[in-house]
Structures are given as structure tokens and as C-alpha cells.
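Heads up: the structure comes next, in C-alpha cells.
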Amino acid sequence: MYVLKRLFTMLVTLWIIVTLTFVIMHIIPGDPFATDSKAIPESVLENMRARYNLDKPLPTQYILYLKSLLTLDLGPSIQSKTTDVNTLIARGFLPSAILGIQSMLLALVAGTALGTIAALNHNRTFDYISMFVAMIGISIPSFILAPLLIKYMAVKWGLLPVASWGTWRHTILPSLALAVTPVAIIARFVRTSMLEVLHQEYIQTAEAKGLSTWKIVVRHGLRNSLIPVLSFMGPLFASVVTGTFVVEKIFAIPGIGKYFVDSIFNRDYPVIMGTTIFYSAVLVVTLFLIDMSYRFVDPRIKLASKGD
Amino acid sequence: MRKWNVMIAILLFAAAALAGCAGKDNSAANPSGAAQGTAETAAEKIPQVLTTNLSGGEPYTLDPAFASDTTSYFIIDNLYEGLYTYDKSGKIVEGAASKVDVSADAKTYTFTIRDGAKWSNGDPVTAQDFEYSWKRILNPKTAAYDPSSLYYIKGAEEYNTGKGSAEDVGVTAKDEHTLVVELKAPLSIFPIIAVGHAYLPVRSTVVDKDEKWAAESNTIVGNGPYVPQEWKHNEQITLAKNDQYWNKDAISMETIHFKMVQDATTYYQMYKTGDLDMILSLPLDTIDQEKQNKEYLSHPSFSVYTYSFNVKEKPFTNQKIRQAFAYAIDRESLTKNVTKGGETPALGYVPYGLTNPSGKDFRDDAPEKYYEFNAQKAKELLAEGLKEEGLTQLPPVSFKYNTADNHKKVAEALQEMFKENLGVEIRLENQEWKTYIDTFKQKNFQAARMGWEGNYLDPLGVLGHYTSSNSNNFTNWSNKEYDNLIEKSTYELDPNKRVELLQQAEKVLMDDLPIIPILFSADTALVSPKVTGIIFDARSNPDLRFATRVEQ
Numbered sequence: 001m002y003v004l005k006r007l008f009t010m011l012v013t014l015w016i017i018v019t020l021t022f023v024i025m026h027i028i029p030g031d032p033f034a035t036d037s038k039a040i041p042e043s044v045l046e047n048m049r050a051r052y053n054l055d056k057p058l059p060t061q062y063i064l065y066l067k068s069l070l071t072l073d074l075g076p077s078i079q080s081k082t083t084d085v086n087t088l089i090a091r092g093f094l095p096s097a098i099l100g101i102q103s104m105l106l107a108l109v110a111g112t113a114l115g116t117i118a119a120l121n122h123n124r125t126f127d128y129i130s131m132f133v134a135m136i137g138i139s140i141p142s143f144i145l146a147p148l149l150i151k152y153m154a155v156k157w158g159l160l161p162v163a164s165w166g167t168w169r170h171t172i173l174p175s176l177a178l179a180v181t182p183v184a185i186i187a188r189f190v191r192t193s194m195l196e197v198l199h200q201e202y203i204q205t206a207e208a209k210g211l212s213t214w215k216i217v218v219r220h221g222l223r224n225s226l227i228p229v230l231s232f233m234g235p236l237f238a239s240v241v242t243g244t245f246v247v248e249k250i251f252a253i254p255g256i257g258k259y260f261v262d263s264i265f266n267r268d269y270p271v272i273m274g275t276t277i278f279y280s281a282v283l284v285v286t287l288f289l290i291d292m293s294y295r296f297v298d299p300r301i302k303l304a305s306k307g308d
Numbered sequence: 001m002r003k004w005n006v007m008i009a010i011l012l013f014a015a016a017a018l019a020g021c022a023g024k025d026n027s028a029a030n031p032s033g034a035a036q037g038t039a040e041t042a043a044e045k046i047p048q049v050l051t052t053n054l055s056g057g058e059p060y061t062l063d064p065a066f067a068s069d070t071t072s073y074f075i076i077d078n079l080y081e082g083l084y085t086y087d088k089s090g091k092i093v094e095g096a097a098s099k100v101d102v103s104a105d106a107k108t109y110t111f112t113i114r115d116g117a118k119w120s121n122g123d124p125v126t127a128q129d130f131e132y133s134w135k136r137i138l139n140p141k142t143a144a145y146d147p148s149s150l151y152y153i154k155g156a157e158e159y160n161t162g163k164g165s166a167e168d169v170g171v172t173a174k175d176e177h178t179l180v181v182e183l184k185a186p187l188s189i190f191p192i193i194a195v196g197h198a199y200l201p202v203r204s205t206v207v208d209k210d211e212k213w214a215a216e217s218n219t220i221v222g223n224g225p226y227v228p229q230e231w232k233h234n235e236q237i238t239l240a241k242n243d244q245y246w247n248k249d250a251i252s253m254e255t256i257h258f259k260m261v262q263d264a265t266t267y268y269q270m271y272k273t274g275d276l277d278m279i280l281s282l283p284l285d286t287i288d289q290e291k292q293n294k295e296y297l298s299h300p301s302f303s304v305y306t307y308s309f310n311v312k313e314k315p316f317t318n319q320k321i322r323q324a325f326a327y328a329i330d331r332e333s334l335t336k337n338v339t340k341g342g343e344t345p346a347l348g349y350v351p352y353g354l355t356n357p358s359g360k361d362f363r364d365d366a367p368e369k370y371y372e373f374n375a376q377k378a379k380e381l382l383a384e385g386l387k388e389e390g391l392t393q394l395p396p397v398s399f400k401y402n403t404a405d406n407h408k409k410v411a412e413a414l415q416e417m418f419k420e421n422l423g424v425e426i427r428l429e430n431q432e433w434k435t436y437i438d439t440f441k442q443k444n445f446q447a448a449r450m451g452w453e454g455n456y457l458d459p460l461g462v463l464g465h466y467t468s469s470n471s472n473n474f475t476n477w478s479n480k481e482y483d484n485l486i487e488k489s490t491y492e493l494d495p496n497k498r499v500e501l502l503q504q505a506e507k508v509l510m511d512d513l514p515i516i517p518i519l520f521s522a523d524t525a526l527v528s529p530k531v532t533g534i535i536f537d538a539r540s541n542p543d544l545r546f547a548t549r550v551e552q
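Line by line, the protein sequences give chains L and Y.
Numbers 1 to 308, taken from UniProt numbering, label the letters of the first sequence in order.
Numbers 1 to 552, taken from UniProt numbering, label the letters of the second sequence in order.
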């Protein structure tokens, strides 16, 4: 019952997003066909508009769009002429997702480790070192970190390829660049909640039982301190898996990150809609999965909506 | 507890599976340049492979009817060949046609299609292919990007705008080998126009069979020196020599890889590590340092950076005030200290890169240098202009530009120069590009920035914009004498007289000054000494067709 209700709200959310995006996108000024200063004869413009149904009144366009959306058809791209939006997303999603998942796993592991070490060494050297690293991770934006990684790892030391796509080696630098900020954020989350958890009575009980520190941390500490991390991971996961503009551009990754930005600059309406819907769908589904996963982490959390 | 473990295991497994996919995908698709090398003669043992970059990223389309950007054209130029093409020296020569007969009134062009001209699938190139391709672009239903380039042909505009029929368009395939083109009016520079992209042929049977034929490498059929071998979208496109091409003996490069790296610093680094043999548009901060490098080259692109006046908006209704602003600009300092990308001061409207019949560049041949920096003269002209208008001081003036770092720098430098040399304070306004185009085309400005690239490589390609009836004239300026000179230069068949007419036209434009030319843009490149024969000229992309690798 809960799941069904959730699914229904998810669909309504998506519909609202679709409608809002559609309206906002048509409010911004600019013509998708005006690519440069050259005047295009009005008759040529009319022909092009007709090809993309842009000659029809907006409500009609909206209904036509919803109709094709029901068949999961996101329409043609205005810029790419010969390619439709479904193909654009299908081609680019795998590279984006591979980078996203790799960097998320890295962030989760490294962030948790850093945070735990910091908490266990509260106010001692390791704590300060980890938090210093975390501060740096938060404050260095990826568009600075990425060229630095290229300069040293690829050009100076020749360890890894500069950019482009192909082998697993090509994914290392971009994954690193993507992971650094989440590592830092997760480390700080884990440290804070771990500190809180370690002062709980059940930890003292566990200590009294004679459990080793390792077991206490893994079984009781981590599990309880991961809840806030999980709620933070949901939106982050959705945005990283659907591609990132800066890192993908710097490393020449054939992902979908660039379409989110380029489509708006180009007023490529179907691509704006397509990428927004895709991202929202991934986000909504991820949030749903995260909510479900709370139960695994903490069985005390019950999945129920009000009135149940 | 166990559930938690299971979840981690699933996550790890999923990640491993994904990483595995990526690995497999790559090993299967490794570039196979080596297998292509069989056609080489014994003297050329060096594998003829060139790797360059598309700084614009993925080409939007490889169908010449829909392309509108230099990135797409960079590939398209290697895949298709029109009736005319360029030779090694950059001169226009017969391509898919072997012979052209021009009627005495320069209104009818009869082309003989070359014997042995073939499509990459082995079909012969026919006159019907050209008729089909041109009418396809003109067909209103096709909604092609640039049908107006074909409007020189009789009946073309009528058909494209729904006022005429396809049968009345002046393109007729008399037989497989003979194409008769009737023009609306005599046009001496038809070859210069017909070498353009709108005139490229496509194979009718291929286009009719599959609407998306140009979206993947294996469905594209061309008649040019190269065929697409592999197209990894957003990553790399690989061209292989077309063994059906009639002039294949002149082509030595077997394989050309185009990477799609958009970030300038990244492709610069890839050039430095040897991953790329040639890059275009260097990152601006590297140009100073690379200028000493033998591999560096900079050459004029056929485009001019301007500020347009709206001559119906005060105070720029006054010619002398317009001239005052033009004299107040120190273009030398602007190119040296501000833009620093190899640009040259624009002391005239027609950019560098066009050769007159005399052999000299049109720009150098011009009778005078217009608006060399002269603060004294600028002040005098401003005072005179204000007097003529009955004003004591200049009303508020704003200059508009589109939001971008480089345009901002130029605008701010101009603001400073006007303040210093004219003693006037101008306001700067900027808008995001698409919004800006709207503003510009609605002529909603006093003065506004714009870059103009020639539609074709002739002075007329840029000067033609400012006739009263031209839809690219956004300045509200109209001048009978100018219109007259431009019209005459369109029909004049004597090349020397034509240059004179164009020079006179430019002088009228410069004297009355509806636009201030600021800079002539330049293209910068780094080319590895291991590759020779790449041609850089006023065309928007370098010509790779005659490139040879001389060193491994």
C-alpha cells in the first residue's frame, strides 16, 4: 500500500516538473533557430518551426508533448537534427553512470574511513589531519582540481591518459575529480554522527561486553551514523550519475552532462525537457530507494505514510 | 546485519559489472589504423594516420542540408565534393564536374559530370544527384538550414517559399552527365558561391531509403576523399580514405581521427603529450608562450568584429559623431594588450585572406587605411557633430554586447578609450547570446557588437550585408550609391573592374560608417612537424585533404 502511494506521488511529481519546465522554458526569450547574426528568411524559419511543431499554439504543443511522453518518446533534438533525445540520453548515460557510480563508491568508502578515523581520534592529530583534508576537498572546485590532476598525473608524470574515453584508465582521473567534494562532505557527516553515537549508552554496554573497538565501530557505530549520510547520498547520487557538465567537459567524457547546459544555451526545447525529465526521474527513484534502504540500516524506521 | 552485507555485495557486483562493460567495449573498438595501411606504396612506409580534434565537440549532423556550424563542416568537407572544389593552392577548380560551360551572358552554367566520379558505395555520381540534392534543400518540407544560398538559381526562392514549383527551379539534369543551371541574373562569382556547402551532393537512393542516414557512420554515403569508418558519439570520429574517390591518388592520408575534446586546456595538454597532431583555437593564456614555437601558426579568418550603429537612434544619426567614435579607438593597442589572440586591427571592412586578380590581398590593395587611431581628429569631429545637432554635450550612449569574457574585455577597453580620447562616458550593457540576437535583430540598440563572417569568400560576401534591401542590414542605414555599386559588382564580369567597384563600395560604407570595424579575427593552431600539407587559409577550417605524415 505504501509503495503504491509512493509510486503515485512520484508520477504526480514528475508531471508537475514537466509542466513547470515546459512553461519556464518557453518564457525565456530567444529562438532555437537563431544560431548567429545572419538573418534567416521568415519563410525558412516557418518551415523549420513547422518541423518541430513550434508553429502551433503553446497549449497544443504541451498536449502533443505529453502524448509522446506517454509512449516514452522525448522527441527530436533541434540542434542535432538527425538524432532524437532518447538516443542522445541512451548514448551518453553509460559513461556518465560509470563515472558517477565509481566516484560515489570511492566517496562512500574514503569519506566513511576519514570520518571514522577522525571521530576515533577526537581532538588529536589524526582528527585534525582528516578534517584539514576534508576542508580542502570542500573548498577546491572541480574545475580547478581537474586541470591540476591532468597537469601532474597525466602530463608531468605520464601515469594516466590526459582525457577522452576508452579504457578503465581513462575513468580514474575524472572519478577522482568527481569524488573529492563528496568525500569531504561524507567525512564530516560521519565524524559528527559517529562522535554522537560513540557517547551513547549502548556503546558503553558493548565496551563492557569486551567487544573489540573494530567490532564496536563497524557493528554499532557506523550503522547508526550512516543514516544522515544516506539522506545526503540520494540527491548527490542522482546528480552525479546523470552526468556533470564541468568534469565531463574537461576530461572529454562522452556523457550527458553537457546536454543539461548546452540545451538551455541553444534553446533546444526537446533536449531541455528530455534531460530535465530524465534527471527528475532518476532523482525521484533514488529518493524512493533511499527511503526503502533506511529500513535495512535501521529496522526501527518504519515505512508508513500518515493515516496508515 | 546480513541484509547490510548483501547490499554491499550487490553494489560492488554492480560496479564491477559496469566497469567490465566499459573495458570490453573499448578493446573491441580499438582504432584499427594498421589494417588500413595496405594501399601504401613501398616508399611511404610511415603509417598515414592523422589525429586531430574537433574543439566544438560532436558534429551536430553530417548531412550537408542541415549543417550550420564549422564543426560539422570540418567533417563534411572531407566526405562530399561539389561541382567545384579547392585545389592545393586554395584555388577553386572543377571537382565532381570535369567541365563547365558558361553562357555569354553568365546566366547559364552547363556542367559536365566527371567520368569516373563515384559514390563511396560504388554508384556513379550523376547530374540527377545534384538536381535531387539542390531541390531537396529548396523543398520547404525539408526545412533545411541555408536554402537562401541557392536563391541565385532561377525559381529557387519561389519554390522554397511556397510560391513556385520544383519543376520551375533552374536546375535540370539533361542526362546522366549534363547538369544545366540557369541563374536568376548574371553572376560572375557563381563558382565562389557554388563551392559552398549548400551545393554539395547527397546520394538520392540513400537519403530516400533512410531518414536518419546521416546519423551513423555506416549509413553515410559520400563522394569525397574520405568515408566515415567509425563514429563514437561525443568521443571520436574516424575517417578512412575513400577508395572510390576519382582523385584518390592525390590523397595520401589513409586515416584521420577527430577526437572530440571541447575544453581548450585539455586538448592543448593532449597536443603537448603527443596524443594529437594538430589543434585549433589555442587557449588564450598559452598564445604568448607558443608564439615562439615553430609549430604555432596564426592566420586571418574571414571575419570581422564590429560595433553596429543604429543610424536612426540619436546621437548616431550624425555621421561625424559616428566617425569620431571610430577615430577614438586604438586598435593596435586593443589587439596587442587586450585580445591577444593573433587578431589584427580592422582598418577597413573586408577582412584579410582574399586575393585580388593583381595577386595582392584585397585589404592591402585598398586605396586607404580607414580610421587609424587619431584622438585629435576624433575630438574635432565630435565637436563638429555636436554643433550640427545643436547639442552642447553628448546625450547618454550605451554600447551593447553579448555576455562573454572576451567581449567584455573589448567593450571595457573601448569604454576606457572613449573616455580618454573623446572625453565621453558610455554605458555598457550585456545580454546572454540568444536574448542578445533577438535584441540585435530587432535593432533595439544605439551601438551593438557583432562578428560577421563572409557567406562566401569574396568581398561581396561581407559587403553585401549593407545594401538597403539586405535582411542582414540591422543598422537602418541605406545608401543609393552603395546599393548601386554592390549591384554592379554582382554582374561585372571583368575581375579588375569588379575589384574597383568593390573598393569604391567599401569606401562609401566606411565614409558613412553605419558600422565600426574593430578587429579582424584570427585562427590559431599548433601543427606537429611530423605532418605536412595541411592548408590554412580564409576558409573556416583547415583543409586536410592533401596532408601527409612524414615522420612516425
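Ideal Cβ positions, reconstructed from N, Cα and C, are used throughout, including at glycine.
- Burial of residue 109 (chain Y) is indicated by the presence of at least 16 other C-beta atoms within 10 angstroms of its C-beta.
- The DSSP assignment places complete alpha helix (DSSP H) segments of no fewer than 4 residues inside the segment 80 to 154 of chain Y at 127 to 138, in order along the chain.
- Distance from residue 465 (chain Y) to residue 472 (chain Y) at the Cβ level is roughly 4 angstroms; contact confirmed, criterion being Cβ atoms closer than 8 angstroms.
- Inter-residue distance for residue 44 (chain L) and residue 55 (chain Y) is about 29 angstroms (C-alpha atoms, whole angstroms).
- Counting the other Cβ atoms within 10 Å of the Cβ of residue 254 (chain Y) gives 16 or more, which makes it buried.
- The DSSP-derived three-state label of residue 417 (chain Y) is helix.
- Within the segment 125 to 155 of chain Y, contact with chain L at the beta-carbon level (separation under 7 angstroms) is assigned to 140, 143, 147, 148.
- Taking all protein chains in view, the Cβ of residue 122 (chain L) is surrounded by fewer than 16 other Cβ atoms within 10 Å, so the residue is classified as exposed.
- Taking one beta carbon from each stretch, the segment 209 to 228 of chain Y and the segment 219 to 237 of chain L have fewer than 3 pairs nearer than 8 angstroms; the two do not touch.
- Residues of chain L with a Cβ closer than 8 angstroms to the Cβ of residue 471 (chain Y) are, in chain order, 39, 41.
- When CB distances to chain L are screened at a threshold of 9 angstroms, the residues of the segment 259 to 272 of chain Y falling below it are 259, 260, 261, 262, 263, 265, 266, 267, 269, 270, 272, in chain order.
- Closer than 7 angstroms to the CB of residue 165 (chain L) there is at least one CB belonging to chain Y.
- Within the segment 274 to 350 of chain Y, the beta strand (DSSP E) runs of at least 3 residues that lie entirely inside it are, in chain order, 278 to 280, 296 to 309.
- Under the Cβ criterion (8 angstroms, minimum of three pairs), the segment 277 to 289 of chain Y counts as touching the segment 333 to 350 of chain Y.
- For residue 435 (chain Y), at least one C-beta of chain L is nearer than 7 angstroms to its own C-beta.
- Residue-level contact check: residue 235 (chain Y) touches chain L, since one or more beta carbons of chain L fall below 7 angstroms from its beta carbon.
- For residue 438 (chain Y), at least one C-beta of chain L is nearer than 7 angstroms to its own C-beta.
- Boundaries for residue 230 (chain Y): no alpha helix (DSSP H) harbours it, while the beta strand (DSSP E) harbouring it runs 226 to 232, taken from the DSSP string.
- Annotation: residue 245 (chain L) to residue 255 (chain L) spans about 9 angstroms, alpha carbon to alpha carbon.
- The contact set of residue 540 (chain Y) on chain L, defined by CB atoms closer than 9 angstroms, is empty, because the minimum CB distance reaches about 12 angstroms.
- For residue 19 (chain L), no CB of chain Y lies under 7 angstroms from its own CB, so it is not counted at the interface with that chain.
- Contact check for residue 137 (chain Y) and residue 144 (chain Y): beta-carbon distance about 4 angstroms, within the 8 angstroms limit, so the pair qualifies.
- Look at residue 544 (chain Y) here: in three-state DSSP terms it is coil, with no helix or strand label.
- The Cβ-Cβ distance between residue 405 (chain Y) and residue 192 (chain Y) does not fall below 7 angstroms.
- Residue 469 (chain Y) and residue 189 (chain Y) have their C-alpha atoms spaced approximately 20 angstroms apart.
- At least 7 angstroms separates the CB of residue 96 (chain L) from every CB of chain Y.
- At a cut-off of 7 angstroms between beta carbons, residue 61 (chain L) makes no contact with chain Y.
- Secondary structure of residue 281 (chain L) (DSSP, three-state): helix.
- Near chain L, meaning a CB-to-CB distance below 9 angstroms, the residues of the segment 444 to 456 of chain Y are 450, 451, 452, 453, 455.
- Counting C-beta atoms within 10 angstroms of its own C-beta, residue 175 (chain L) has 16 or more neighbours from the protein chains shown and is therefore classed as buried.
- With respect to the 7 angstroms criterion, residue 491 (chain Y) and residue 186 (chain Y) are classified as neighbours on the basis of their beta carbons.
- For residue 14 (chain L), same chain residues with a beta-carbon under 8 angstroms away, outside a window of 5 residues either side, are 277, 280, 281, 284 in chain order.
- As a beta-bridge residue in DSSP terms, residue 401 (chain Y) pairs with Y:430.
- About 6 angstroms separates the Cβ atoms of residue 195 (chain Y) and residue 82 (chain Y), confirming a contact at the 8 angstroms cut-off.
- Looking at the DSSP output, residue 549 (chain Y) shares a beta bridge with Y:531.
- Under the 7 angstroms criterion on CB atoms, residue 110 (chain Y) is classed as non-interfacial with respect to chain L.
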